[in-house]
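Residue numbers (the working numbering), protein chains in the order written: chain B, 1 to 249; chain H, 1001 to 1433.
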Amino acid sequence: MSKPKVGIFGLTGCGGCQLEILNLEDQLLDLFAAIDIVHFTEAITEHSDNYDIALIEGSVATKHDLERLEHISKIAKVIVSIGACSGIGGVNCLKNLYGVEKAKELVYGDKKEWIDAIETKPIDEYVKVDYYIRGCPPNRSEIVDVIRSLIVGKIPEIPNYPVCVECKRLGNTCMYDLGKTCMGVVSRAGCGARCPSAKSGCEACRGFIDDPNVNAQKDLLAKYNLKIEDIMGMFNLYNACKKTDRKTI
Amino acid sequence: MTENLNIEVSPISRVEGHGDLVIDVKNKKVEELIMRIPESPRFFEAMLVGRNWSEPSHITSRICGICSVAHTYASIKATETAFGVKPSGQTLKLRKLIFHHECVQSNTLHVYFLAAPDFLGAGSVVPLVETHPDVVKIALRLKQTANEMVRIIGGRAVHPITTVVGGFTKIPTEEEMLKMKDMLKSTYPDLEKSLKILKTLKMPEFERETEYISLTDKKDYALYDGDIKSSDGWVIDGQQYLTKINEKVVRHSTGKHCWASRDSFLVGALARFNNNYDKLSDKAKTYAAELGLKIPCYNTFMNNFAQFVEIIHSIDDSIKLIDEIMEAGLDEDKAMADVNIKAGRGVGVVEAPRGLLIHDYTYNNEGNVLKANLIIPTNMNYANIEMDMDAYLPLIIDKSEDEIRLAMEMLIRAYDPCISCSTHFLNVKLVNK
Chain B
1 MSKPKVGIFG
11 LTGCGGCQLE
21 ILNLEDQLLD
31 LFAAIDIVHF
41 TEAITEHSDN
51 YDIALIEGSV
61 ATKHDLERLE
71 HISKIAKVIV
81 SIGACSGIGG
91 VNCLKNLYGV
101 EKAKELVYGD
111 KKEWIDAIET
121 KPIDEYVKVD
131 YYIRGCPPNR
141 SEIVDVIRSL
151 IVGKIPEIPN
161 YPVCVECKRL
171 GNTCMYDLGK
181 TCMGVVSRAG
191 CGARCPSAKS
201 GCEACRGFID
211 DPNVNAQKDL
221 LAKYNLKIED
231 IMGMFNLYNA
241 CKKTDRKTI
Chain H
1001 MTENLNIEVS
1011 PISRVEGHGD
1021 LVIDVKNKKV
1031 EELIMRIPES
1041 PRFFEAMLVG
1051 RNWSEPSHIT
1061 SRICGICSVA
1071 HTYASIKATE
1081 TAFGVKPSGQ
1091 TLKLRKLIFH
1101 HECVQSNTLH
1111 VYFLAAPDFL
1121 GAGSVVPLVE
1131 THPDVVKIAL
1141 RLKQTANEMV
1151 RIIGGRAVHP
1161 ITTVVGGFTK
1171 IPTEEEMLKM
1181 KDMLKSTYPD
1191 LEKSLKILKT
1201 LKMPEFERET
1211 EYISLTDKKD
1221 YALYDGDIKS
1231 SDGWVIDGQQ
1241 YLTKINEKVV
1251 RHSTGKHCWA
1261 SRDSFLVGAL
1271 ARFNNNYDKL
1281 SDKAKTYAAE
1291 LGLKIPCYNT
1301 FMNNFAQFVE
1311 IIHSIDDSIK
1321 LIDEIMEAGL
1331 DEDKAMADVN
1341 IKAGRGVGVV
1351 EAPRGLLIHD
1361 YTYNNEGNVL
1371 KANLIIPTNM
1381 NYANIEMDMD
1391 AYLPLIIDKS
1401 EDEIRLAMEM
1411 LIRAYDPCIS
1421 CSTHFLNVKL
1431 VNK
């Protein structure tokens, strides 16, 4: 069996997902052995347009991003979104809340017409995404699991239950009982409840589960005398990009 | 001299983010020498407006995956200064500890993975797995240790969780502190081997004296805290950065250039080394001498070695910090200081792996951000990169086109530029030749 050819690409983002691939450390050499990485600008000089699988980090936030995404989607047979910016828009969407034109003016003043910036969107607003590696940043183990599944032709399993399930398994004290707010009730698990385990509320960086129990979140807020506004900042930190068919609370 | 030369490298690889190099020589005259930055603008200053004080460190951490700890702390320090928050001595020591290891992680990534392939005749770290497996394995072990240190203290290796205004949401256990000390001690044989390998690499001969700016401190080799120092003979409190560090718009460019006492300045490991050599650990000084790195050093390529010397210092100083924290006894009660919100402005200045990093926030009395200004090390270096390119090109112009391309890329890579960071406000920048 020939090794699958993989391209790793970054649109608008922080490079942290690509860094987490380089951070695989003890598994990195095995990864290099199992797949043929033909494009990875952050780490490799040689590059080619001959790949079967594209791992795409970052949001679409410029016309240039969109051109690159369209180019990649014509070549790749399988598209994998990696990270929050790519999958749900991530922090880049905060720019939309402020207003693209206003943001250009605030940062660039009278030079704003030079700037290539459009409303930030996750990549699946433009192309069909086959698999999502969630999170900001993604779990390294999940990166490996998804790549492994792709090599053997298996569908990767990504949890579709809330972070609360993982907190219960780990025996974490509920963030609300520590006087903190938390999005874990409606947020997609798979991170091992990393933030609550570090005594910090979940910020929903993996997005929401497909069928969030909105009433449970409302009951929780009522129990602790909180209003929906109290968690709105947390709500929109990574999830400010609006999507018509995405369920939100 | 070559009469005509037309080189375009797009994109420059093995740097963080997207930059292009364009060299155009016609009839022996340099028409164009450009480092173009088509990386997307991010608009972080706009994103921050209106956000609650607890959020900027989590938002700005996402400016850069490689230096997320540095952004986190520039942000936290700005907020703490604005509110007058006084973190405990234990918190400050733990902060210095996590700071060291982002620097070790980042410097290791650059020296071994991004820069070394050039000197070993490879296009990336991938062929080195076959030709130089020892080098790759050492780099992976060092990175793993540094990332594990950041994970233990910060909750994860990229975009830390526990690091908040006032202190830590969770501090390491005694067991974890001892584990970290053991991990650090075990790196010494790898560093010794690395030194032997690095000694065989020949840095190009190129000197151009410039202004070197970094933090400085009476006790520490300043990374987490200190005043701003210039090799041109001034020292200022970080809160006063606007009195010395200026930004200007360059013709045909939307990006801003930074300048202080002269046309350009350099920040990063070489600036820190030049300004704070005497605060390095003894072992780090010995390693510097072995590599032929002496102060003042005006060869930008030596930044690669300065980064390696800093790794040794960080390991030495981390062991010292762990001993001090353990001697005082870990205390959960000292994890968080009181935070009382008030209106005001605060500036947070730190040394990111790539150099001086400044966050400047103004808050209203509800603790929401009114205004934010961020100045990023790679932006500070752009003007200096171009002036180095201008000075270096004539020295290598008789070489082949391929050699010139590689030499110029190596010069840019020596700065370890972080383009994602720099484009939070910068889009395209052209050199005026």
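From the three backbone atoms N, C-alpha and C, an ideal C-beta is built for every residue, glycine too.
No experiment lies behind these values; they were computed from the predicted model shown.
Consult DSSP for residue 40 of chain B and reduce its assignment to one of helix, strand or coil. Reading the first sequence from its first residue, position 40 is the one you call residue 40 of chain B. Residue 40 of chain B: strand per DSSP, three-state reduction.
Determine the extent of the beta strand (DSSP E) in which residue 1242 of chain H is found, giving its start and end residues. Indexing the second sequence from 1 puts residue 1242 of chain H at position 242. Segment: none, residue 1242 of chain H is in no beta strand (DSSP E) and carries neither H nor E.
Residue 47 of chain B in three-state terms, based on DSSP: Indexing the first sequence from 1 puts residue 47 of chain B at position 47. In the structure shown, residue 47 of chain B sits in coil (DSSP, three-state: anything other than H, G, I, E or B).
Taking the alpha carbon of residue 1260 of chain H as the point to measure from, which residue in H/1383, H/1388, H/1077 and H/1073 has its own alpha carbon closest? Counted from its first residue, the second sequence places residue 1260 of chain H at position 260. Comparing Cα-Cα distances from residue 1260 of chain H to each of H/1383, H/1388, H/1077 and H/1073, the minimum goes to H/1383.
What are the residues of the segment 1126 to 1153 of chain H that lie near chain B, defined by any Cβ-Cβ distance shorter than 7 Å? 1126, 1129, 1140, 1143, 1144 and 1147
Would you say residue 1404 of chain H lies against chain B (beta-carbon separation less than 8 Å)? Here residue 1404 of chain H refers to the residue found at position 404 of the second sequence. Output row for residue 1404 of chain H: interface = no.
Could you check whether the Cβ of residue 1278 of chain H sits closer than 7 Å to any heavy atom belonging to the ligand SAM? Because no ligand of any kind appears in the structure shown, any question about the ligand SAM cannot be addressed here.
Taking C-beta to C-beta, are residue 1355 of chain H and residue 1380 of chain H nearer than 8 Å? Position 355 of the second sequence, counting from 1, holds the residue named residue 1355 of chain H. Position 380 of the second sequence, counting from 1, holds the residue named residue 1380 of chain H. Cβ atoms of residue 1355 of chain H and residue 1380 of chain H: closer than 8 Å.
Extract the residue ranges of the beta strand (DSSP E) inside the segment 1199 to 1225 of chain H, only unbroken runs of 3 or more that lie entirely within it. 1211 to 1216
Would you say residue 1319 of chain H and residue 1287 of chain H are within 8 Å of each other, going by their C-beta atoms? Within the second sequence, residue 1319 of chain H is the residue found at index 319, counting from 1. Within the second sequence, residue 1287 of chain H is the residue found at index 287, counting from 1. Cβ atoms of residue 1319 of chain H and residue 1287 of chain H: not closer than 8 Å.
Please name the residue in H/1132, H/1228, H/1151 and H/1135 whose C-alpha comes closest to that of residue 1099 of chain H. To locate residue 1099 of chain H, count along the second sequence from 1; it is residue 99. The option with the nearest alpha carbon to residue 1099 of chain H is H/1151.
Counting only beta-carbon atoms, is residue 1417 of chain H nearer than 8 Å to chain B? The residue labelled residue 1417 of chain H in the question sits at position 417 within the second sequence. Not closer than 8 Å to any Cβ of chain B, the Cβ of residue 1417 of chain H fails to qualify, so no.
Strictly below 9 Å CB to CB, what residues from chain B border residue 1052 of chain H? Here residue 1052 of chain H refers to the residue found at position 52 of the second sequence. Near residue 1052 of chain H (Cβ distances below 9 Å), the residues of chain B are 233.
Whose C-beta lies closer than 6 Å to the C-beta of residue 1159 of chain H among residues of the same chain, with five residues either side of it excluded? In the second sequence, counting from the first residue as 1, residue 1159 of chain H sits at position 159. Only 1061 and 1068 meet the Cβ criterion.
Rounded C-beta distance between residue 1034 of chain H and residue 1408 of chain H? I'm assuming under 8 Å. One-based indexing of the second sequence puts residue 1034 of chain H at position 34. One-based indexing of the second sequence puts residue 1408 of chain H at position 408. Residue 1034 of chain H to residue 1408 of chain H, Cβ: 11 Å. No contact.
Rounded to whole angstroms, how far is the Cβ of residue 159 of chain B from the Cβ of residue 145 of chain B, which I believe are closer than 8 Å? Numbered from 1 along the first sequence, position 159 holds the residue referred to as residue 159 of chain B. Numbered from 1 along the first sequence, position 145 holds the residue referred to as residue 145 of chain B. The Cβ separation is near 11 Å, so there is no contact.
In chain B, which residues lie with their C-beta within 7 Å of the C-beta of residue 1157 of chain H? Along the second sequence, one-based indexing puts residue 1157 of chain H at 157. The contacting residues are 23.
Which chain B residues are close to residue 1068 of chain H, counting only those with a beta carbon under 8 Å from its beta carbon? In the second sequence, residue 1068 of chain H corresponds to position 68, counting from 1. 14 and 16, listed in chain order.
So which of H/1164, H/1108 and H/1296 has the shortest CA-CA distance to residue 1336 of chain H? As a position in the second sequence, residue 1336 of chain H is number 336, starting the count at 1. Among H/1164, H/1108 and H/1296, the Cα nearest to that of residue 1336 of chain H is on H/1164.
Residue from B/33, B/129 and B/79 with nearest C-alpha to residue 53 of chain B: Looking up residue 53 of chain B in the first sequence gives position 53. Ranking B/33, B/129 and B/79 by Cα distance to residue 53 of chain B puts B/79 first.
For the beta strand (DSSP E) containing residue 237 of chain B, list its first residue and its last residue. Here residue 237 of chain B refers to the residue found at position 237 of the first sequence. It is not in any beta strand (DSSP E) - residue 237 of chain B instead sits in the alpha helix (DSSP H) that spans 232 to 239.
Just how far apart, CA to CA, sit residue 1258 of chain H and residue 1130 of chain H? Start at 1 with the first residue of the second sequence, and residue 1258 of chain H comes out as number 258. Start at 1 with the first residue of the second sequence, and residue 1130 of chain H comes out as number 130. The straight-line gap from Cα to Cα measures roughly 42 Å.
Can you give me, in chain order, the residues of the segment 200 to 223 of chain B that have a beta carbon less than 8 Å from any beta carbon in chain H? 200 and 203
Spatial neighbours of residue 1085 of chain H within its chain, please: C-beta separation below 7 Å, excluding the five flanking residues on both sides. The count along the second sequence starts at 1 and reaches residue 1085 of chain H at position 85. The answer, listed in chain order, is 1165, 1166, 1337 and 1339.
Can you find a C-beta in chain B that's less than 8 Å from the C-beta of residue 1370 of chain H? Indexing the second sequence from 1 puts residue 1370 of chain H at position 370. Answer no: the Cβ-Cβ gap between residue 1370 of chain H and chain B never drops below 8 Å.
In whole angstroms, what is the alpha-carbon distance linking residue 1087 of chain H and residue 133 of chain B? In the second sequence, the residue the question calls residue 1087 of chain H occupies position 87. In the first sequence, the residue the question calls residue 133 of chain B occupies position 133. C-alpha separation (whole angstroms): 37 Å.
Please tell me whether residue 1169 of chain H has its Cβ less than 8 Å away from any Cβ of chain B. Here residue 1169 of chain H refers to the residue found at position 169 when the second sequence is read from its first residue. It does; some Cβ of chain B falls within 8 Å.
Kindly say whether residue 186 of chain B, judged by its beta-carbon, lies nearer than 8 Å to any beta-carbon of chain H. Along the first sequence, one-based indexing puts residue 186 of chain B at 186. Taking Cβ atoms only, chain H never reaches closer than 8 Å to residue 186 of chain B, which makes this a no.
Pair within 8 Å by beta-carbon distance, residue 1103 of chain H and residue 1314 of chain H: As a first step, residue 1103 of chain H must be located in the second sequence, where it is residue number 103. As a first step, residue 1314 of chain H must be located in the second sequence, where it is residue number 314. Yes; because the gap between Cβ atoms is below 8 Å, this pair is in contact.
Whole angstroms is fine: what's the gap from residue 1094 of chain H's alpha carbon to residue 1185 of chain H's? If you number the second sequence from 1, residue 1094 of chain H lands on position 94. If you number the second sequence from 1, residue 1185 of chain H lands on position 185. Rounded to the nearest angstrom, the two C-alpha atoms are 18 Å apart.
Status (buried if at least 16 other CB within 10 Å, exposed otherwise) for residue 1416 of chain H: Within the second sequence, residue 1416 of chain H is the residue found at index 416, counting from 1. By the neighbour-count rule (16 or more Cβ atoms within 10 Å), residue 1416 of chain H is buried.
So who's on the other strand from residue 1276 of chain H, going by DSSP bridges? Position 276 of the second sequence, counted from the start, is the residue given in the question as residue 1276 of chain H. DSSP output for residue 1276 of chain H lists no bridge partner at all.
Where residue 278 of chain B and residue 1108 of chain H are concerned, what is the direct C-alpha to C-alpha distance, given to the nearest angstrom? The first residue shown for chain B is 1 and the last is 249, placing residue 278 of chain B beyond what the model contains.
Determine the direct distance from the alpha carbon of residue 1413 of chain H to that of residue 1241 of chain H, and round the result to whole angstroms. The count along the second sequence starts at 1 and reaches residue 1241 of chain H at position 241. The count along the second sequence starts at 1 and reaches residue 1413 of chain H at position 413. One C-alpha to the other measures close to 27 Å.
Can you grab the Cα-Cα spacing for the pair residue 164 of chain B / residue 173 of chain B, in whole Å? Numbered from its first residue, the first sequence carries residue 164 of chain B at position 164. Numbered from its first residue, the first sequence carries residue 173 of chain B at position 173. Approximately 11 Å between the Cα atoms of the pair.
In three-state terms, what does DSSP make of residue 205 of chain B? Working through the first sequence from its first residue, we reach residue 205 of chain B at position 205. If DSSP states are grouped into helix, strand and coil, residue 205 of chain B belongs with coil.
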